[in-house]
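Following: one structure in structure tokens, then a few remarks.
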Amino acid sequence: MEKIKGLIAAPFTPMTADGGINLNIIPSYYQFLKQNGVAGAFINGSTGEGVSQTTQERKLVAEAWANEIKQDASPMKQINLVGGTSYQECIDLAKHSQSVGVDAIAILAPFYFKPPSVKELAEFVKMIGQAVPELPVYFYHIPVLTGVGFAMIDLLKELHGQMPNFAGIKYTHEDFMDYLSCLHFADGQYDMLWGRDENMLSALVLGAEGSVGSTFNYAAPLYHQLMAAYQKGEIKEARELQQQSIDMIRLLGKYGGIGTGKAFMRYVGIECGGFRLPVKAMTEEAYQQFVQDVKALEMEALFSKGE
Numbered sequence: 001m002e003k004i005k006g007l008i009a010a011p012f013t014p015m016t017a018d019g020g021i022n023l024n025i026i027p028s029y030y031q032f033l034k035q036n037g038v039a040g041a042f043i044n045g046s047t048g049e050g051v052s053q054t055t056q057e058r059k060l061v062a063e064a065w066a067n068e069i070k071q072d073a074s075p076m077k078q079i080n081l082v083g084g085t086s087y088q089e090c091i092d093l094a095k096h097s098q099s100v101g102v103d104a105i106a107i108l109a110p111f112y113f114k115p116p117s118v119k120e121l122a123e124f125v126k127m128i129g130q131a132v133p134e135l136p137v138y139f140y141h142i143p144v145l146t147g148v149g150f151a152m153i154d155l156l157k158e159l160h161g162q163m164p165n166f167a168g169i170k171y172t173h174e175d176f177m178d179y180l181s182c183l184h185f186a187d188g189q190y191d192m193l194w195g196r197d198e199n200m201l202s203a204l205v206l207g208a209e210g211s212v213g214s215t216f217n218y219a220a221p222l223y224h225q226l227m228a229a230y231q232k233g234e235i236k237e238a239r240e241l242q243q244q245s246i247d248m249i250r251l252l253g254k255y256g257g258i259g260t261g262k263a264f265m266r267y268v269g270i271e272c273g274g275f276r277l278p279v280k281a282m283t284e285e286a287y288q289q290f291v292q293d294v295k296a297l298e299m300e301a302l303f304s305k306g307e
């Protein structure tokens, strides 16, 4: 299966003022990402509030993104997160993903009744993947949110040769030893997508070629420059760009976490509304202070822009 290289944005799901999903924004959102050189979209993930949506809403979001891809002569790749706590619901979402034409799906570890060992986790992944044998399947490793922290090299060993459509892992964790082992496993067969924007440079050193991130939505030029600097051997510049990424990401913590990303989207001209509870929404007063903090970063040229 073809590996995905470059930046894969994890889009926000646009919301209306009353908390419903706003599918009308997605066509312009898709074009915005394309204009900024993004190679793919990881939809309905953490950034996309997939676990805060109903099954029907997740299907509608997938359909909306897939519709844009169908109309594009050179479309972005699309990975749809179908993971959850019910394998039957995951299978339903996986089959729906296949029917609307997404490129791949991703599966989370069950995060309420957690698997007791990596063997049971592999069985859970296989059960869903076998329902869509022609669709590439990724595992989304994010132990900080799922509470399931098995070494991914062990998951690869369990799935290797047992699941032909297993494509790789979206690796959102800081275990560089484990990540490198996964990159080398089976002669590099699996697509290891890096998932921590704030330490992308370290992953590039290890051999990462594709990354999934929320900040690629609004700061893709920064990461394009970072990757280009690294590839040219301009390590000092790459380090400085990574520090700018870190300085920008610190604002997420200052203003309440993941929901701050939608404030960044508003800042660059894509109105995505608020986040659903329990994520805290930013007040208008806080947004005005946020704007001043963003301007103080002095990195306007590194934010994404529309045409």
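Going by UniProt numbering, the letters in the sequence shown line up with residues 1 to 307, in that order.
Using N, Cα and C, we set each Cβ at its ideal position, and we do this for glycine too.
None of these values were measured; they are calculated from a predicted model.
Item to complete: Would you mind reading off the limits of the beta strand (DSSP E) that contains HIS96?
Response: Your numbering for residue 96 matches position 96 in the sequence shown. Run containing HIS96: none in the beta strand (DSSP E); it sits in the alpha helix (DSSP H), 87-100.
Discussion item. For the beta strand (DSSP E) containing ASP191, name the first residue and the last one.
Written reply: On the sequence shown, residue 191 is found 191 positions in, with the first residue counted as 1. ASP191 -> beta strand (DSSP E) spans 191-194.
Worksheet item: Going by beta carbon distance, what residues of the same chain come within less than 8 Å of SER245, once the five residues before and after it are set aside?
Response: Position 245 of the sequence shown, counting from 1, holds the residue named residue 245. Excluding sequence neighbours, SER245 sits near ASP197, GLU198, MET200, THR215, ALA219, LEU222, TYR223 and LEU226.
Discussion item. Is the separation between the beta-carbon of GLY213 and that of TYR190 shorter than 8 Å?
Written reply: Within the sequence shown, numbered from 1, the residue matching residue 213 stands at position 213. Within the sequence shown, numbered from 1, the residue matching residue 190 stands at position 190. It is not a contact, given that the beta carbons lie outside the stated cut-off.
Worksheet item: Does the Cβ of residue 308 have 16 or more other Cβ atoms within 10 Å, making it buried, or fewer, making it exposed?
Response: There is simply no residue 308 to check, as the chain begins at 1 and stops at 307 in what is shown.
Discussion item. Here's a check: name, in chain order, each residue in its chain whose Cβ is nearer than 7 Å to the Cβ of PHE12, leaving out the five neighbours to either side.
Written reply: Here residue 12 refers to the residue found at position 12 of the sequence shown. Only THR47, GLY48, ASN217, GLY261, LYS262, MET265 and CYS272 meet the Cβ criterion.
Discussion item. Rounded to the nearest angstrom, what separates VAL291 and TYR267 at their Cα positions?
Written reply: Start at 1 with the first residue of the sequence shown, and residue 291 comes out as number 291. Start at 1 with the first residue of the sequence shown, and residue 267 comes out as number 267. So the alpha carbons of these two residues sit roughly 7 Å apart.
Practice prompt. Give the straight-line distance between the Cα atoms of SER148 and HIS184, rounded to the nearest whole angstrom.
Written response: Within the sequence shown, residue 148 is the residue found at index 148, counting from 1. Within the sequence shown, residue 184 is the residue found at index 184, counting from 1. Checking the sequence shown, residue 148 turns out to be Val, not Ser. Each residue's alpha carbon lies about 23 Å from the other.
Discussion item. Looking at chain D, is there any beta carbon in it that lies within less than 8 Å of the beta carbon of SER214?
Written reply: In the displayed structure, chain D is absent; only one protein chain is listed.
Practice prompt. Tell me whether TYR255 sits in a helix, a strand or coil according to DSSP, three-state version.
Written response: Indexing the sequence shown from 1 puts residue 255 at position 255. If DSSP states are grouped into helix, strand and coil, TYR255 belongs with coil.
Discussion item. At 3 residues or longer, what runs of the beta strand (DSSP E) sit wholly inside the region 206-284?
Written reply: 210-213
Worksheet item: Roughly how far, in whole angstroms, is the beta-carbon of ALA94 from the beta-carbon of LEU135, given that I think they are within contact range, below 8 Å?
Response: Residue mapping note: residue 94 aligns to position 94 of the sequence shown, counting from 1. Residue mapping note: residue 135 aligns to position 135 of the sequence shown, counting from 1. Going by Cβ atoms, the distance from ALA94 to LEU135 rounds to 7 Å, so yes, they are a contact pair.
Practice prompt. Flag this pair as yes or no: are the beta carbons of GLY83 and ALA104 separated by less than 8 Å?
Written response: Within the sequence shown, numbered from 1, the residue matching residue 83 stands at position 83. Within the sequence shown, numbered from 1, the residue matching residue 104 stands at position 104. No.
Worksheet item: When DSSP labels each residue in this structure, what does VAL82 get in the three-state scheme?
Response: Locating residue 82 in the sequence shown gives position 82, where the first residue counts as 1. Note: VAL82 maps to coil in three-state DSSP.
Practice prompt. Alpha carbon to alpha carbon, how far is VAL102 from MET248? Give it in angstroms, no decimals.
Written response: Position 248 of the sequence shown holds residue 248. Position 102 of the sequence shown holds residue 102. C-alpha separation (whole angstroms): 31 Å.
Discussion item. By the three-class DSSP mapping on this structure, what secondary structure does GLY149 have?
Written reply: Here residue 149 is taken as the residue at index 149 of the sequence shown, counted from 1. Three-state DSSP puts GLY149 in coil, outside helix and strand.
Discussion item. Check for me: the beta strand (DSSP E) holding residue 331 runs from which residue to which?
Written reply: Because the chain in this structure spans residues 1 to 307, residue 331 falls outside the shown range and cannot be described.
Worksheet item: Mind checking whether PRO143 and PHE124 have CB atoms under 8 Å apart?
Response: As a working mapping, residue 143 is identified with position 143 in the sequence shown. As a working mapping, residue 124 is identified with position 124 in the sequence shown. Cβ atoms of PRO143 and PHE124: not closer than 8 Å.
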